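Trainee: One structure coming up, written as structure tokens, with questions to follow.
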Amino acid sequence: MDNSPKHTTDLVRQGLAKRYRQEARFRRMGMTAIILGLAFVSMLFISIIGNGYSAFWQTYAQLEVHLDASKIDPEGTRDSDVIADADYGGIIKQSLRDMFPDVTGRRDKRTLYRLVSNGASYDLKDFVVANPDRIGTTIQLWVPADDDIDMLMKGHFDRDKPESERRIKDNQIAWVDTFVEQNRIESRFNKTFFTAGDSRDPELAGIWGAATGSFFTLIITLLLAFPLGVATAVYLEEFAPQNKWTDVIEVNINNLAAVPSIVFGLLGLAVFINFIGMPRSAPLVGGMVLTLMTLPTIIIASRAALKSVPPSIREAALGVGASKMQMVFHHVLPLAMPGMLTGTIIGMAQALGESAPLLMIGMVAFIVDIPTGVLDPSTVLPVQIYLWADSPERAFVERTSAAIMVLLAFLIAMNALAVLLRKKFERRW
Amino acid sequence: MNRKLLVLTSAAAIGFVTLAHAASRDYISIVGSSTVYPFSTVVAEKFGKSTKFKTPKIESTGSGGGMKLFCSGVGVQHPDVTNSSRRIKKSEFDQCQKNGVKGIIEVKIGYDGIAIANSKKANRMELSRKDLFLALAKQVPDPKGGETLVKNPYKTWKDVNPALPDNKIEVLGPPPTSGTRDAFAELAMEGGCKKIDWIKAMKAKDKKKYKSICHTVREDGAYIEAGENDNLIVQKLEANKNALGIFGFSFLDQNTDKVQGSLVDGVAPEFEAIAAGDYPVSRPLYFYVKKAHIGKVPGITEFLAEWNKDGTWGDEGYLTDRGLIPMPKPERDQFSVAIKEMQNLEM
């Protein structure tokens, strides 16, 4: 037996190279997986940012507008109702005709009018209503350019292609070039994108309406799901007896976490809208449906957080004479809270990105007015992205990507908050 | 304890607000076809910006889904208007009547052409409806002759018609839930199917079988369901120059630099040809209004008036900029009268 240790070392030595190789191979595989994953994520980001960054700028054109008193306020009353009623579209058209007097023929004139956005007349109206003393004078007004012109200026249309293959015709390019020569065209930060509701004119469309809708929906979800989820978790973990019933409930909660979200939408349609009679398209109903969806996530995370509080804390609290409820609320819950909050934020982030259940309850809709409460019809960010992706106008392509960037920014912010909370309040025992 | 109280009070508050809300609605609620959606939304936005009323809410539910919601009853929880890319069916009309939706105004808004397009990098195709039927139907007449059906054997366009290029048959189109697909089956495929005499003769004898022959699309991979997103189809056509795509005229109109519409029976899908009724694959678009809601929900009459303007749906109206093909003047006048007099739809 005296040579046996040598024998063992030999065996180890023999296998050593193979084991090193195995480890190296495993590491390489892991590395490749991470690199592949990162490559996909960066491809996604590059394509979205590459497509979307230009949507944060918008082309504006400067018009010389003569505010003809006889057209705006013929009787000189300076009454704001009279002023607001004037035909500002006609005035904008007149100023375009004055700029290009040699354009004749109905068709050409119509093309000419399409140089500036439909929104120009509303901008002019707002200006005149705010400055009635300027009636009768000639002003220089910057108005948003039409989406096609915007696309041309941003280089999305190829000028070198034959005219028949272009959406922008030669005469339009010539007019735009005149604007450029006179320094009457410039690219500005697209404030409208962040302040307006939806519109069918890409240059007037914004995400504020959808963002507000998402905000109201998430507030409802948070108000309902957080207390309900935490209360359920506390009861199941700390108070409920361990028997068949609680087992069934536990299995069901875990199952619910895996149910496709569209099912919750159908449930919401049947119960909240058809049975209780709540309004369609309202953030209230959206929030309630998303609550159903997020509850399992919050409950499971909260129970895990409660489980991780060491028994010594509970025993110490009970040992100095605390009641069970005092033990839970004074000692266990505060220690488990960071974990619960993390779970809640991740659940909320999931809810923010969800659109399928909202399809069923009518939140996939065209809504221009910014919602002011939880009962106003509204839509949410992912739905807005879907609707824009489906719009024929070319300029919506970049706006879709820009909206995705905004949504991603919100998601990253929420997940970063979750990580931050965990780092700051996490206790190790 | 406090938390419980909070939950209870908020639940009660939600209940009350809901009840209060159910009694009235101050905006028009529109549902229905995704094909009419791009036109309806433009009118709604204009209406919202130029009047004191709120902008109508428009859901894109598809024609059938819209009808179901529209016909489910009278009352503010039900929509006021439904858009449709086909005429209301008798069964839907009966459903409406049964649920108390008695007075319905039918308004045709114009026409939509369905383009069969390919990439500009390839040559423009010249198809006939019969070519389309033979290339895309699940069962076709035996190429050897006789009055029997066989599983579609055609692999390339050249097999279908020697005049066509020797390219694999690859067509990207909408799924069966789409109104565009219904219209394509009805107008293009059935149109071609009818050219075969013995199948046409079947229509009188066995209408069901005739329909199933003419409308069933092959499922062996030559027809690819590309989802409801027409923009996606345009992108895929750009990447694959041998493929054809099926989508609405407005998408062709917006992407003339990337794709070209094939000639169908010798006619190109162009604005004038569709308006004149020469292009064979075009369909009417409608919306339906619930009369019982006029006066209950503010703005319906004014919204109808916004539609009923030459500047909206006329030959040079703003909807034509979006790709709507206007009705001929006499037909427009007829629907204009229907709107003004609020004529009841009879079926």
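Residue numbers (the numbering used here), protein chains in the order written: chain A, -18 to 410; chain B, 2 to 348. Quick reminder that beta carbons are idealized off the backbone N, C-alpha and C, glycines included. If you're wondering where the values come from, they're calculated on a predicted model, not measured in any experiment.
#1: So what's R165(A) in DSSP terms, helix, strand or just coil?
#2: If we cut at 7 Å on Cβ distances, does D27(B) have a partner in chain A?
#3: Does the beta carbon of A191(A) come closer than 7 Å to any beta carbon on chain B?
#4: Between T52(B) and chain A, is there a C-beta pair that is closer than 7 Å?
#5: Check for me: the alpha helix (DSSP H) holding Y367(A) runs from which residue to which?
#6: Looking at chain B, is there any beta carbon in it that lies within less than 7 Å of the beta carbon of E146(A)?
#7: Keeping to the same chain, check which residues put their C-beta closer than 6 Å to that of T213(A); ignore five residues upstream and five downstream.
#8: Using a Cβ-Cβ distance cut-off of 7 Å, determine whether V43(B) contacts chain A.
#9: DSSP puts V151(B) in a beta bridge; with which residues?
#10: Once the 5 residues before and after L133(A) are set aside, which same chain residues still bring their CB inside 6 Å of it?
#11: Closest by CA to D27(B), which one among E46(B), H294(B), G324(B)?
#12: In this structure, does DSSP put S120(B) in helix, strand or coil?
#13: Give every residue of the same chain whose Cβ lies closer than 6 Å to the Cβ of M274(A), excluding the five residues on either side of it in the sequence, and list them in chain order.
#14: Could you tell me if I16(A) is buried or exposed, where buried requires 16 or more neighbouring beta carbons within 10 angstroms of its beta carbon?
#15: Measure from the C-beta of V86(B) to each C-beta in chain A and report whether the shortest distance is under 7 Å.
#16: Could you tell me the distance, in whole angstroms, from the CA atom of S168(A) to the CA atom of S51(A)?
#17: Under 7 Å, Cβ to Cβ, is there at least one residue of chain B near F347(A)?
#18: Are the C-beta of H22(B) and some C-beta of chain A separated by less than 7 Å?
#19: So for H22(B), helix, strand or coil by DSSP?
#20: Going by Cα to Cα distance, which pick from T119(A), I201(A), D104(A) is closest to D49(A)?
#21: So, with DSSP's three-state summary, where would you put S283(B)?
#22: Beta-carbon of G11(A) versus every beta-carbon of chain B: anything under 7 Å?
#23: Can you pull the chain B residues whose beta carbon is under 8 Å from the beta carbon of G324(A), in chain order?
#24: Using the rule of at least 16 other Cβ atoms within 10 Å of the residue's Cβ for burial, across every protein chain shown, is T(-11)(A) buried or exposed?
#25: Consider the Cβ of D113(B): report whether some Cβ of chain A lies at a distance smaller than 7 Å.
#26: Closest Cβ-Cβ distance between S251(B) and chain A: below 7 Å?
#27: Assign M(-18)(A) to buried or exposed, taking buried as 16 or more other Cβ atoms, counted over all protein chains shown, within 10 Å of its Cβ.
#28: Applying the criterion that 16 or more other CB atoms from any shown protein chain within 10 Å of the CB defines a buried residue, is G267(B) buried or exposed?
#29: Looking at the unbroken alpha helix (DSSP H) that takes in A206(A), where does it start and where does it end?
#30: Is the CB of R181(A) under 7 Å away from at least one CB in chain B?
#31: Does the segment 55 to 70 of chain B touch the segment 268 to 277 of chain B, meaning 3 or more C-beta pairs lie closer than 8 Å?
#32: According to DSSP, H488(A) sits in a beta bridge with which residue or residues?
#33: Would you mind working out which of V309(A), W369(A), Y41(A) sits nearest R181(A), comparing C-alpha positions?
#34: How would you write the range of the alpha helix (DSSP H) that T325(A) sits in, first residue to last?
#35: Verify whether the separation of the beta carbon atoms of K135(A) and S35(A) is less than 7 Å.
#36: Are the segment 286 to 298 of chain A and the segment 309 to 326 of chain A in contact at 8 Å, needing three or more beta carbon pairs?
Mentor: A quick look at the data gives this:
#1: coil
#2: no
#3: No, no contact with chain B.
#4: Answer no: the Cβ-Cβ gap between T52(B) and chain A never drops below 7 Å.
#5: 362 to 370
#6: yes
#7: I280
#8: yes
#9: Looking at the DSSP output, V151(B) shares a beta bridge with V141(B).
#10: Hits under 6 Å: I149.
#11: H294(B)
#12: strand
#13: Closer than 6 Å at Cβ, skipping near neighbours: S242, F245.
#14: exposed
#15: Note that residue 86(B) is Ser in the sequence shown here, rather than Val. So no, S86(B) is outside the interface.
#16: 34 Å
#17: yes
#18: Confidence is the limiting factor: at H22(B) the pLDDT is only 49, short of 50, which leaves the residue's position unreliable and the question unanswerable from this model.
#19: Caution is warranted here: a pLDDT of 49 is assigned to H22(B), below 50, making its placement in the model unreliable, and the coordinate value is therefore given only provisionally. Of the three classes helix, strand and coil, the one that applies to H22(B) here is helix, per DSSP.
#20: T119(A)
#21: Residue state, collapsed to three classes: strand.
#22: By this cut-off, G11(A) is not an interface position.
#23: Chain B residues near G324(A): none, gap ~18 Å exceeds 8 Å.
#24: exposed
#25: no
#26: yes
#27: Bear in mind that the predicted position of M(-18)(A) carries a pLDDT of just 48, short of 50, making it unreliable; the figure below should be weighed with that in mind. Burial call: exposed.
#28: exposed
#29: For A206(A), the uninterrupted alpha helix (DSSP H) segment begins and ends at 189 to 215.
#30: R181(A) counts as touching chain B.
#31: no
#32: Coverage of chain A is limited to positions -18 through 410, which leaves residue 488(A) absent and any answer about it impossible.
#33: W369(A)
#34: 314 to 333
#35: yes
#36: yes
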